[in-house]
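The next block holds one structure in the form of structure tokens; read it before the comments.
Protein chains: 2
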Amino acid sequence: MEQLAKALGTLVRTQRKASGLSQDALALACNIDRSYMGRIERGEVNITVEKLYQIAKALDCAPSALLPSMSGLRID
Amino acid sequence: MEQLAKALGTLVRTQRKASGLSQDALALACNIDRSYMGRIERGEVNITVEKLYQIAKALDCAPSALLPSMSGLRID
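For the protein sequence lines, the chains are A and B, in the order given.
Under the UniProt record's numbering, the first sequence has 45 at position 45, and the numbering climbs by one with no breaks.
Under the UniProt record's numbering, the second sequence has 6 at position 6, and the numbering climbs by one with no breaks.
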């Protein structure tokens, strides 16, 4: 799980920075607690698909744009 | 959440049938309880991204292939 969560968190951070949003602004837009958003970006939590869609909507990108490639990930 | 979960469940079911797996076989391959897999396909639960990857791996498809299009979905 860790690899996946870390890779996804990195994609969220990259997409957030590309859209010029602060972590606080993204958390607010997603109705997520600021510290929880930090944990998402650091890959410390395994978010739900619904949360993925909320973040994608706030970042104005497709949810799939935040999904790491399966290759190289260890999925148990 | 319901719309998203239902649309995702339908995609899992369609992909499962296309790969010729029974619901039991998919549940076993994902190390998921049979009845929980049924709830996933009926859109009754909001799965994690990790579970999405486990299902995609068992169905030998990309995780994004199981993600409904954002358009038409109400994401709160």
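C-beta: ideal position from N, C-alpha, C; glycine also.
Taking 8 angstroms as the threshold (beta carbon to beta carbon), is residue i in contact with chain A?
i: I40 of chain B; result: no
Could you tell me which chain A residues have their CB closer than 8 angstroms to the CB of residue i, listed as they occur along the chain?
i: M70 of chain B; result: Y53, A56, K57, A62, P63
Rounded to whole angstroms, what's the CA-CA distance from residue i to residue j? Just pull it up for me.
i: V49 of chain A; j: P63 of chain B; result: 11 angstroms
i: L52 of chain A; j: G20 of chain A; result: 19 angstroms
i: G43 of chain B; j: R74 of chain B; result: 15 angstroms
i: V12 of chain B; j: E41 of chain B; result: 6 angstroms
i: E2 of chain A; j: Q54 of chain B; result: 14 angstroms
i: Q15 of chain A; j: A29 of chain B; result: 33 angstroms
i: L4 of chain A; j: V45 of chain A; result: 10 angstroms
i: A56 of chain A; j: D76 of chain B; result: 12 angstroms
i: A18 of chain B; j: I32 of chain A; result: 37 angstroms
i: A58 of chain A; j: L59 of chain B; result: 30 angstroms
i: G72 of chain B; j: G72 of chain A; result: 33 angstroms
i: S47 of chain B; j: C61 of chain A; result: Rather than Ser, the amino acid found at residue 47 of chain B in this sequence is Ile. Approximately 20 angstroms, taken between the alpha carbons.
Using a Cβ cut-off of 9 angstroms, pull out every chain A residue sitting near residue i, in sequence order please.
i: L4 of chain B; result: V49, E50, Y53
Please list the partners that residue i has in chain B, where partner means a Cβ-to-Cβ separation under 9 angstroms.
i: L8 of chain A; result: V49
Taking Cβ-Cβ distances shorter than 7 angstroms, what residues in chain A pair up with residue i?
i: L67 of chain B; result: P63, S64
i: I75 of chain B; result: Y53, Q54, K57
Quick one: is residue i near chain C, going by C-beta distance under 8 angstroms?
i: I47 of chain A; result: Here the protein chains are A and B, and chain C is not one of them.
Quick one: any contact between the stretch 15-24 of chain A and the stretch 33-41 of chain A, if contact means 3 or more CB pairs under 8 angstroms? Contact check between the stretch 15-24 of chain A and the stretch 33-41 of chain A: three or more CB pairs, one atom from each, fall below 8 angstroms, which counts as touching.
Do the stretch 4-14 of chain A and the stretch 56-70 of chain A meet, that is, are 3 or more Cβ pairs less than 8 angstroms apart? Proximity of the stretch 4-14 of chain A to the stretch 56-70 of chain A meets the contact definition, three or more beta-carbon pairs being nearer than 8 angstroms.
Could you tell me which uninterrupted alpha helix (DSSP H) segments, each at least 4 residues in length, are contained entirely in the stretch 8-70 of chain A, listed from first to last along the chain? Here the runs fully enclosed are 23-29, 34-41, 49-59.
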